[in-house]
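Chemist:
2 protein chains.
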Amino acid sequence: MSDCSAELAQKSLKDFASVIENKMLSLLPVSEGREENVIEAMRYALLAGGKRLRPFLVVQSAALFSIDNESALRVAAAIECVHTYSLIHDDLPAMDDDNMRRGLPTTHKKYDDATAILAGDALLTLAFEILSDEKTHSDAEIRCDLILALSRAIGAKGMVGGQMIDLKAENQSLQQDEIIRMQNMKTGELIIFSCEVGAILAKVSDDRRMALKKYAENIGLAFQIVDDLLDIEGNSEDIGKTAGKDIEAGKATLVSFKGVEEARALADELINNAVSHMDVFDEKSEVLKSLAKFVINRAH
Amino acid sequence: MSDCSAELAQKSLKDFASVIENKMLSLLPVSEGREENVIEAMRYALLAGGKRLRPFLVVQSAALFSIDNESALRVAAAIECVHTYSLIHDDLPAMDDDNMRRGLPTTHKKYDDATAILAGDALLTLAFEILSDEKTHSDAEIRCDLILALSRAIGAKGMVGGQMIDLKAENQSLQQDEIIRMQNMKTGELIIFSCEVGAILAKVSDDRRMALKKYAENIGLAFQIVDDLLDIEGNSEDIGKTAGKDIEAGKATLVSFKGVEEARALADELINNAVSHMDVFDEKSEVLKSLAKFVINRAH
Numbered sequence: 223m224s225d226c227s228a229e230l231a232q233k234s235l236k237d238f239a240s241v242i243e244n245k246m247l248s249l250l251p252v253s254e255g256r257e258e259n260v261i262e263a264m265r266y267a268l269l270a271g272g273k274r275l276r277p278f279l280v281v282q283s284a285a286l287f288s289i290d291n292e293s294a295l296r297v298a299a300a301i302e303c304v305h306t307y308s309l310i311h312d313d314l315p316a317m318d319d320d321n322m323r324r325g326l327p328t329t330h331k332k333y334d335d336a337t338a339i340l341a342g343d344a345l346l347t348l349a350f351e352i353l354s355d356e357k358t359h360s361d362a363e364i365r366c367d368l369i370l371a372l373s374r375a376i377g378a379k380g381m382v383g384g385q386m387i388d389l390k391a392e393n394q395s396l397q398q399d400e401i402i403r404m405q406n407m408k409t410g411e412l413i414i415f416s417c418e419v420g421a422i423l424a425k426v427s428d429d430r431r432m433a434l435k436k437y438a439e440n441i442g443l444a445f446q447i448v449d450d451l452l453d454i455e456g457n458s459e460d461i462g463k464t465a466g467k468d469i470e471a472g473k474a475t476l477v478s479f480k481g482v483e484e485a486r487a488l489a490d491e492l493i494n495n496a497v498s499h500m501d502v503f504d505e506k507s508e509v510l511k512s513l514a515k516f517v518i519n520r521a522h
Numbered sequence: 223m224s225d226c227s228a229e230l231a232q233k234s235l236k237d238f239a240s241v242i243e244n245k246m247l248s249l250l251p252v253s254e255g256r257e258e259n260v261i262e263a264m265r266y267a268l269l270a271g272g273k274r275l276r277p278f279l280v281v282q283s284a285a286l287f288s289i290d291n292e293s294a295l296r297v298a299a300a301i302e303c304v305h306t307y308s309l310i311h312d313d314l315p316a317m318d319d320d321n322m323r324r325g326l327p328t329t330h331k332k333y334d335d336a337t338a339i340l341a342g343d344a345l346l347t348l349a350f351e352i353l354s355d356e357k358t359h360s361d362a363e364i365r366c367d368l369i370l371a372l373s374r375a376i377g378a379k380g381m382v383g384g385q386m387i388d389l390k391a392e393n394q395s396l397q398q399d400e401i402i403r404m405q406n407m408k409t410g411e412l413i414i415f416s417c418e419v420g421a422i423l424a425k426v427s428d429d430r431r432m433a434l435k436k437y438a439e440n441i442g443l444a445f446q447i448v449d450d451l452l453d454i455e456g457n458s459e460d461i462g463k464t465a466g467k468d469i470e471a472g473k474a475t476l477v478s479f480k481g482v483e484e485a486r487a488l489a490d491e492l493i494n495n496a497v498s499h500m501d502v503f504d505e506k507s508e509v510l511k512s513l514a515k516f517v518i519n520r521a522h
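Chains as they are written, first to last, in the numbering used here: chain U, 223 to 522; chain R, 223 to 522.
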């Protein structure tokens, strides 16, 4: 795989960041009144950096079906609101207890625990407000399809359930298949949904939707393995959070089962699979192919 | 106002409780796998009693428009999921720090803080999953209208914003109009939405929808005043939580501004207003009229 292709995706991602940030800001409620504290915390968390991987996947999957840009951007913003809410709540002292993320104080350190809990709640709620609005798509069936698929991806059998398992895993040892299931729930499902958005907006349920799903499953797991490798190999400055935290917490990961070499080989294989699933599309899928390569080459 | 009428509403509410509880249980995800802890906490919180006032309002407002029972019950269940999530999060140590609710340990005391945060998150998500499902209504426009109205009622400019103001109010003194605004956001908006559900499901936006909104505004504020009065007058056993907590926290309430007598008179006036708004409906609105009287006569 060429690093050049990965660099292209990295540049696209970087250019895209300000686009999605402006869209999210435009969708935030007005920060006035005595409730402004929670809106400021929402804004702080939304703007605290990040790769904007999920919204980028949304926009790229929508481009495969020539979807209207405004529709794609609104769904992308909603998904980043959901991702941000999950980070705010996961960072809380009662959960992973992280003080720093992406080199900045986490939301509860910048504000306080109560404000962080409420900011997360409001961002999750805002995501559904955005999706249900006719500005997102004129077809209400499509809006409901988006909401149903998203809510299933992030509920007790999806992202929230995955976080529950991950928290409990600090006291229990998970087997390899259980780790894969946990990571699929915790991060995989939302990445899969992000990639399926194009097909949902286009009302397409054929092999193209399945290809996007498979692409997402593969990059989702690869992404997680690279995260675990960075946790071992990276330094805290590069990854913007405390390195070695998983090891310290005694958490089993795929890397701890397989060892660094085998895990890296598996990640390579997953990325190759992801790229090959994009063959059902025309040249428009080049960005998603290069993005897969970026996932494995990233340093943080 | 006759206590007899209020007793009728109380009996209807009591009979209704098991109906809505069974419906909520049927909509919970299966409690299996390593994530079962969070699903058990969702179930615990959902079944920990309560008057089921909001789902009852939904079903009664739907009855005014002869809406299909299954539609009404599913929306009612979704709203009770939202109400329950808000109680779980509000009770957390970082928020109101309550150990008991309705005579039972709060969710974070029964489980732990992390599980309670996640159970609240999952219940909020489940509400949107229920509403977006075609089983709730065959018309996707109606499903989106429900989701949009709900998300606006409970976000940063609604319930969550109200809770933010209430938390900050422990350190700031609010004026009377600010207390009314805060209470309207914190509890009023969700009660208004519950009452509007019948009109939304019937696609009606005329004076009947406005009458339901006005009814809800009046009973919502009256409900809050009665809550404040109970906090002063009630004993902890009756109200199932610690009495005098607001006074101890130095919180201004309408009762602390107006005094007990004037506050009680205002609540009576609000209930009379609420009842008179129901005059645009036929005899089907008798239950909502008697419910208004129950609100003011309740002991907890």
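Beta carbons: idealized from backbone N, C-alpha and C, even for Gly.
From the DSSP output, in three-state form, read off Arg374 of chain R for me.
Modeler: helix
Chemist: Going by C-alpha distance, which of U:Val252, U:Asp237, U:Arg256 and U:Phe238 is nearest Gly384 of chain R?
Modeler: U:Arg256
Chemist: Please list the segments of the alpha helix (DSSP H) lying wholly inside the stretch 318 to 374 of chain R, counting only runs of 4 or more residues, in order along the chain.
Modeler: Runs found: 329 to 332 and 335 to 354.
Chemist: Identify each residue in the stretch 231 to 256 of chain R for which the Cβ-Cβ distance to at least one residue of chain U is less than 7 Å, and report them in chain order.
Modeler: Pro251 and Arg256
Chemist: How many whole angstroms separate the CB atoms of Ala527 of chain R and Met264 of chain U, which I take to be in contact at a CB cut-off of 8 Å?
Modeler: As displayed, chain R neither begins before 223 nor continues past 522, which places residue 527 of chain R out of reach and without an answer.
Chemist: Express the C-alpha separation of Lys515 of chain U and Ser224 of chain U in angstroms, rounding to a whole number.
Modeler: Any reading at Ser224 of chain U must be qualified, since the residue scores a pLDDT of 48, below 50, and its modelled position is unreliable; the value itself is stated next. Spanning the two alpha carbons is a distance of roughly 8 Å.
Chemist: Would DSSP call Ser288 of chain U helix, strand or coil?
Modeler: coil
Chemist: Is DSSP giving Glu257 of chain U helix, strand or coil here?
Modeler: coil
Chemist: Quick test of the definition: if touching needs 3 or more C-beta pairs under 8 Å, does the stretch 238 to 256 of chain R touch the stretch 274 to 289 of chain R?
Modeler: Contact holds between the stretch 238 to 256 of chain R and the stretch 274 to 289 of chain R, because three or more Cβ pairs, one in each stretch, are under 8 Å apart.
Chemist: Val297 of chain U: buried (16+ other C-beta within 10 angstroms of its C-beta) or exposed?
Modeler: Result: buried.
Chemist: In this structure, does DSSP put Ser227 of chain R in helix, strand or coil?
Modeler: In this structure, Ser227 of chain R counts as helix in the three-state DSSP scheme.
Chemist: Any beta carbon of chain U sitting closer than 8 Å to that of Arg520 of chain R?
Modeler: Interface with chain U (8 Å Cβ-Cβ cutoff): Arg520 of chain R is excluded.
Chemist: Any contact of the stretch 404 to 413 of chain R with the stretch 355 to 374 of chain U, i.e. 3+ C-beta pairs under 8 Å?
Modeler: no
Chemist: Under a three-way DSSP split, which group does Asn251 of chain U fall into?
Modeler: Asn is not the amino acid found at residue 251 of chain U; the sequence shown has Pro there. Three-state result, Pro251 of chain U: coil.
Chemist: Which of helix, strand or coil does DSSP assign to Ala514 of chain R?
Modeler: Helix at Ala514 of chain R.
Chemist: Shorter than 8 Å from the beta carbon of Met322 of chain U to some beta carbon of chain R?
Modeler: no
Chemist: Counting Cβ pairs closer than 8 Å, one from the stretch 341 to 352 of chain U and one from the stretch 321 to 336 of chain R, do we hit at least three?
Modeler: no
Chemist: Could you tell me which of R:Ile518, R:Thr347 and R:Leu247 sits nearest to Asn440 of chain R, measuring between CA atoms?
Modeler: R:Ile518
Chemist: With distance defined between alpha-carbon atoms, name the residue in U:Ala391, U:Thr306, U:Thr358 and U:Gln446 nearest to Lys473 of chain U.
Modeler: U:Ala391
Chemist: Could one say the Cβ of Gln446 of chain U lies closer than 8 Å to chain R's Cβ atoms, at least one of them?
Modeler: no
Chemist: Quick check: what's the CA-CA separation for His311 of chain U versus Asp453 of chain U?
Modeler: Going from the Cα of His311 of chain U to the Cα of Asp453 of chain U covers about 21 Å.
Chemist: Ignoring anything shorter than 4 residues, give me the alpha helix (DSSP H) runs that lie fully in the stretch 374 to 403 of chain R, in order along the chain.
Modeler: 381 to 390
Chemist: If you run the structure through DSSP and keep just helix, strand and coil, what is Ala433 of chain U?
Modeler: helix
Chemist: How would you list, in chain order, the residues of chain U whose beta-carbon sits under 7 Å from the beta-carbon of Leu370 of chain R?
Modeler: Glu351, Ser354 and Asp355
Chemist: With a CB to CB cut of under 7 Å and the five nearest residues on each side skipped, what residues in its chain are close to Gln446 of chain R?
Modeler: Gln405 and Thr409
Chemist: What does the alpha-carbon distance come out to for the pair Ile428 of chain R and Ser416 of chain R?
Modeler: Per the sequence shown, residue 428 of chain R should be read as Asp rather than Ile. If I take the Cα positions, the gap works out to 17 Å.
Chemist: So, Phe503 of chain U versus Leu286 of chain U, is the Cβ gap smaller than 8 Å?
Modeler: yes
Chemist: Could you tell me whether any Cβ in chain R is nearer than 8 Å to the Cβ of Gly383 of chain U?
Modeler: yes
Chemist: I'd like the list of long-range same chain contacts for Asn494 of chain U, defined as Cβ closer than 7 Å, with 5 residues on each side in sequence excluded.
Modeler: Contacts found: none.
Chemist: Taking 7 Å as the limit between beta carbons, can you name the residues of its chain near Ser234 of chain R, skipping five residues before and five after?
Modeler: Val509
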